[in-house]
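A.B. asks: My numbering numbers the first residue of the sequence shown as 1 and each following residue consecutively. The beta-carbon is built from N, C-alpha and C at its ideal position, and this holds for glycine as well. These numbers come from a predicted model, not from an experiment.
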Amino acid sequence: MPDIKMRLLLLLSLFVITTCYGQEKDYKNIQFKQYNSIQGLQTAACDNIYQDKYGFLWISTYYGISIFDGTHFFNLPMYTQDSAFNLSQKPHTFLQKDSFNMVISSPNGLYTYNYRTHTITKNKQQPIPIGRETIKLLGKSKTGNNIHLKTFSTFYTIDSADKIIDKKELNGPGYEKDAIHIGSYTSHYFLTKNNQLIEHNLSDNSSKPLLKLPYKPKFAILNTENRQQAIICTDKYLYHLPANAESPLVKLDLSPYETNPSTLPINDISCDQQGNYWIGGMNKLLVYFPKEQKLLNLRPQLAEAGGRSDTHIVDIINNKDEVYLSTTMSGILISNRSDLVTNINNFPKGGDIVGTIALKKNTLLCGNSSNVINRISYSNDSYQVSYNPVKNIHTTFIAHLENLDENHTWAIYWDKFKLDIINTQKMEALNLNFPIDEVSRQHKESFKISLPTKDAIPIIKKINDSLFLFTANNKLYEVTGAVSRGFQFSLIDSIKGNHYFTSIDLPDPGHVYLGTSGLQVFQLVNGKLEKIIDEFNSNIPVRYVLEDGNKHKYLLTTNGIYVYKATNQFSHRLSAETNQINGNIIYSGYIDQSNIL
């Protein structure tokens, strides 16, 4: 990984440990800058974040792990040809074990990144059975190199060799469900059936009631970073619980800050250097001031920065005078940054670009993982961008676009993987129902353990003015018709096994190639699918299949570019580790008439 090595060596050589005293924040005028895939982040769909002792920000995403050095992102490989290595998609958690090693948990087990060798390896000893439960790294023990971690039901302590030295079941009298906890990890907190919040000491297995709630909460999250108080949030109230039993309990109503009663819960509470608490969740960003016992609503700044009306905060880190927010569809938001123009050439805010359609008169349409379509008009070296919310749409996430005719585009929504048509003149969804919708819905629901990645989204591809191909899961359909007279769906063929289609490509009018989630390529020949590439036993999705003038094939994947000979035999792989490619997450490409990729 030469690019990672060079950046880490440079930054580590310049790193000087300093003592920084936080300056008083001007909370009301805080603004956020958005960092997303335009700056090199693998995807705008982020999860947990962690800052190491060197200042690097480690980010869990739907496409593996990104590292932010303060200016640029660089990405760890998600897969290798070693079948044991699979960092997988979110959730990941991080813990810096020492000056040279970062421990990473993933749905596929524990990994270690070595700062000196700039390599990442899967730990030989896996204390938790892989795939059974999500692992969350909590912190290091006060003495020694032991690490605390938990799953849904159990708290573990492991030693430097990853062997379990202590194990405690997370339950207690009246246990019903966990309370999310930020702070020290000597205690576990849970809610009982009679609505009490209980503190369970993991050292001596003793339990004590912390707070009796007046109703049955949907969730509880608490922050005990400050030993003088606990800040507790439920779906209705914020509770400020002083350590001194003689001090009064503070209770604030959160309902005025709720935009939708069905929104997701608060995900994080983070204490800044001024002793104030940042509270983040679905379309929610609040700051609680313990001294004044007041709340400040920062939702307008959140919506402005994220480019969406429903920006969902997953994780918050307060570092000196900056605040880092990770979001599900708006990338990373950082407060008061002026060193980088977030939207290059005034490109619209929002999440990932999910589909680009070329229209006549030098115009492009592209979605940005929200219910917005951007119309880009260009001439010579300049272009203009218009921001077009789609009317009559019943989703907040357009996942895929494909050209239909001069006035319409196909759209696939993230919700239920539903197919629809959008009038691009009126920017209005037609809200049509198709017989294929049930197949797509079942495909999405088949991902029971974790959310499906974007590679699982159905695909529709235009062959000519009246013929389209559509994939859902492992099935390929022919779609014929027009908007004026309706469309017919006919099953052409399907593939066996556990893989699903991830791409449909036409390198030339005579060839149709379909990539799968298992680094396979099929060719459509006389109405039947023929497998032409199946080199590795892999779970690497093929995002695009290209073919040059010599019939060499280039498979663009989330693990770099795989090159195959005209005989469909594997030739070599182009990657960020071995070539000057910025990253391994390759979405699409083009080979011109000069055979240049």
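1. Can you name the residues that DSSP bridges to glutamine 520?
2. Where do the N-terminal and C-terminal ends of the beta strand (DSSP E) with alanine 399 fall, by residue?
3. Please state whether DSSP places valine 483 in a helix, a strand or coil.
4. Beta-carbon separation of tyrosine 477 and isoleucine 421 under 8 angstroms?
5. Within 10 Å of its beta-carbon, does glutamate 304 have 16 or more other beta-carbons around it, so buried, or fewer, so exposed?
6. Ordered along the chain, which non-local residues of its own chain (more than five positions away) have a Cβ less than 7 angstroms from that of asparagine 407?
7. Apply the 10 Å Cβ neighbour rule to histidine 200 and answer buried if 16 or more other Cβ atoms are within range, or exposed otherwise.
8. What are the partner residues of tryptophan 278, as DSSP defines its beta bridges?
9. Determine the closest residue to lysine 461 out of Ile495, Pro173, Asp405 and Glu428, with distance taken between C-alpha atoms.
10. Does the beta-carbon of glycine 527 have 16 or more other beta-carbons within 10 angstroms, so that it is buried, or is it exposed?
11. Ignore the nearest five residues each way along the sequence and tell me which others in lysine 163's own chain have a CB closer than 8 angstroms to its CB.
12. Measure the C-alpha to C-alpha separation of glycine 658 and aspartate 505 and round it to an integer number of angstroms.
13. Suppose you measure from the CA of isoleucine 38 to the CA of lysine 454; what does that come to, to the nearest Å?
14. Cysteine 46 and threonine 502: beta carbons closer than 8 angstroms?
15. Is the CB-CB distance between proline 209 and isoleucine 198 below 8 angstroms?
16. Whole angstroms are fine: how far does the CA of glutamine 520 sit from the CA of serine 538?
17. Go through its chain and collect everything with a Cβ distance to asparagine 297's Cβ below 7 angstroms, but skip five positions before and after it.
18. Is the region 203-217 touching the region 236-247 in the sense that three or more CB pairs, one from each, lie closer than 8 angstroms?
19. Excluding the 5 residues preceding and the 5 following phenylalanine 434 in the sequence, name in chain order all residues of the same chain whose CB lies nearer than 6 angstroms to its CB.
20. Got a sec? Which residues, its chain only, sit under 7 angstroms from glutamine 96 by beta carbon, not counting five neighbours each side?
21. State buried or exposed for histidine 572, treating a residue as buried only when at least 16 other CB atoms are found within 10 Å of its CB.
22. Assign lysine 142 to one of two classes, buried (16 or more other C-beta atoms within 10 Å of its C-beta) or exposed (fewer than that).
23. Using DSSP with H/G/I as helix, E/B as strand and the rest coil, what is tyrosine 175?
24. Return the CA-CA distance between histidine 72 and tyrosine 544, expressed in angstroms with no decimal places.
25. Restricting to Cα atoms, I'd like to know which of Gln42, Gln31 and Ser105 is closest to tyrosine 50.
26. Compute the Euclidean distance between the alpha carbons of glutamate 438 and leucine 491, then round it to the nearest angstrom.
27. Excluding the 5 residues preceding and the 5 following lysine 251 in the sequence, name in chain order all residues of the same chain whose CB lies nearer than 6 angstroms to its CB.
28. Could you give the residue range of the alpha helix (DSSP H) that holds lysine 444?
29. Based on the DSSP secondary-structure assignment, which residues constitute the bridge partners of valine 525?
30. When you compare only the Cα positions, how much space is there between proline 242 and phenylalanine 94?
31. Under 8 angstroms between the Cβ atoms of isoleucine 232 and leucine 202?
32. CA-CA distance, tyrosine 27 and serine 386?
33. Please classify aspartate 272 as buried or exposed, where buried requires at least 16 other C-beta atoms within 10 Å of its C-beta.
34. Give me the Cα-Cα distance between glutamine 569 and methionine 78, rounded to the nearest whole angstrom.
35. If we ignore side chains and look at the alpha-carbon of each, how far apart do asparagine 75 and isoleucine 120 end up?
36. Taking only three categories from DSSP, how would you classify lysine 33?
C.D. replies: This is what the structure holds:
1. On the sequence shown, position 520 is the one that residue 520 refers to. In DSSP, glutamine 520 forms a bridge with Asp534.
2. Taking the sequence shown and counting its residues from 1, the one referred to as residue 399 is at position 399. Run containing alanine 399: 398-405, per the beta strand (DSSP E) assignment.
3. Indexing the sequence shown from 1 puts residue 483 at position 483. Correct three-state label for valine 483: coil.
4. Sequence index remark: in the sequence shown, residue 477 carries index 477 (1-based). Sequence index remark: in the sequence shown, residue 421 carries index 421 (1-based). Not closer than 8 angstroms, so no.
5. Sequence index remark: in the sequence shown, residue 304 carries index 304 (1-based). When all chains shown are included, glutamate 304 counts as exposed.
6. For the purposes of this step, residue 407 is identified with residue 407 of the sequence shown, where counting begins at 1. Excluding sequence neighbours, asparagine 407 sits near Asn423, Thr424 and Gln425.
7. Reading the sequence shown from its first residue, position 200 is the one you call residue 200. It counts as buried.
8. Taking the first residue of the sequence shown as position 1, residue 278 is located at position 278. Partner(s): Ser270 and Val287.
9. Taking the sequence shown and counting its residues from 1, the one referred to as residue 461 is at position 461. When each option's Cα is compared against that of lysine 461, the closest is Asp405.
10. On the sequence shown, residue 527 is found 527 positions in, with the first residue counted as 1. Exposed is the call here.
11. Against the sequence shown, residue 163 aligns to sequence position 163. Closer than 8 angstroms at Cβ, skipping near neighbours: Gln125 and Pro127.
12. Past the boundaries of the shown model lies residue 658; the chain is included only from 1 to 597, so the question cannot be answered.
13. The residue labelled residue 38 in the question sits at position 38 within the sequence shown. The residue labelled residue 454 in the question sits at position 454 within the sequence shown. Cα to Cα, isoleucine 38 sits roughly 18 angstroms from lysine 454.
14. The residue you call residue 46 lines up with position 46 of the sequence shown. The residue you call residue 502 lines up with position 502 of the sequence shown. Not closer than 8 angstroms, so no.
15. Translated into the one-based positions of the sequence shown, residue 209 becomes position 209. Translated into the one-based positions of the sequence shown, residue 198 becomes position 198. Cβ atoms of proline 209 and isoleucine 198: closer than 8 angstroms.
16. If you number the sequence shown from 1, residue 538 lands on position 538. If you number the sequence shown from 1, residue 520 lands on position 520. For serine 538 and glutamine 520, the distance between alpha carbons rounds to 9 angstroms.
17. For the purposes of this step, residue 297 is taken as residue 297 along the sequence shown, with counting starting at 1. Taken in chain order, the residues that qualify are Tyr257 and Leu286.
18. yes
19. Along the sequence shown, read from residue 1 onward, the residue named residue 434 stands at position 434. Correct list, in chain order: Leu419.
20. For the purposes of this step, residue 96 is identified with residue 96 of the sequence shown, where counting begins at 1. Only Asp52, Lys53 and Met102 meet the Cβ criterion.
21. In the sequence shown, the residue the question calls residue 572 occupies position 572. It counts as exposed.
22. For the purposes of this step, residue 142 is identified with residue 142 of the sequence shown, where counting begins at 1. Lysine 142 is exposed by the Cβ-count criterion.
23. The count along the sequence shown starts at 1 and reaches residue 175 at position 175. Correct three-state label for tyrosine 175: strand.
24. Here residue 72 refers to the residue found at position 72 when the sequence shown is read from its first residue. Here residue 544 refers to the residue found at position 544 when the sequence shown is read from its first residue. C-alpha separation (whole angstroms): 26 angstroms.
25. The count along the sequence shown starts at 1 and reaches residue 50 at position 50. Nearest option by C-alpha distance: Ser105.
26. In the sequence shown, counting from the first residue as 1, residue 438 sits at position 438. In the sequence shown, counting from the first residue as 1, residue 491 sits at position 491. Whole-angstrom Cα-Cα distance: 14 angstroms.
27. By one-based count along the sequence shown, residue 251 stands at place 251. Correct list, in chain order: Tyr237 and Tyr239.
28. Taking the first residue of the sequence shown as position 1, residue 444 is located at position 444. Lysine 444 -> alpha helix (DSSP H) spans 437-445.
29. Taking the sequence shown and counting its residues from 1, the one referred to as residue 525 is at position 525. The partner list for valine 525 (beta bridge, DSSP) reads Lys528.
30. Here residue 242 refers to the residue found at position 242 when the sequence shown is read from its first residue. Here residue 94 refers to the residue found at position 94 when the sequence shown is read from its first residue. Taking the straight line joining both Cα atoms gives about 30 angstroms.
31. What you label residue 232 is simply residue 232 of the sequence shown in a count that begins at 1. What you label residue 202 is simply residue 202 of the sequence shown in a count that begins at 1. No. Outside cutoff.
32. Start at 1 with the first residue of the sequence shown, and residue 27 comes out as number 27. Start at 1 with the first residue of the sequence shown, and residue 386 comes out as number 386. Tyrosine 27 and serine 386: Cα-Cα distance of roughly 31 angstroms.
33. The residue labelled residue 272 in the question sits at position 272 within the sequence shown. Aspartate 272 is buried by the Cβ-count criterion.
34. The sequence position of residue 569 within the sequence shown is 569, counting from 1. The sequence position of residue 78 within the sequence shown is 78, counting from 1. Rounded to whole angstroms, glutamine 569 to methionine 78 spans 24 angstroms at the Cα level.
35. Numbered from its first residue, the sequence shown carries residue 75 at position 75. Numbered from its first residue, the sequence shown carries residue 120 at position 120. Looking at the two C-alpha atoms, the distance is approximately 12 angstroms.
36. Within the sequence shown, residue 33 is the residue found at index 33, counting from 1. Reduced to three states, the DSSP call for lysine 33 is strand.
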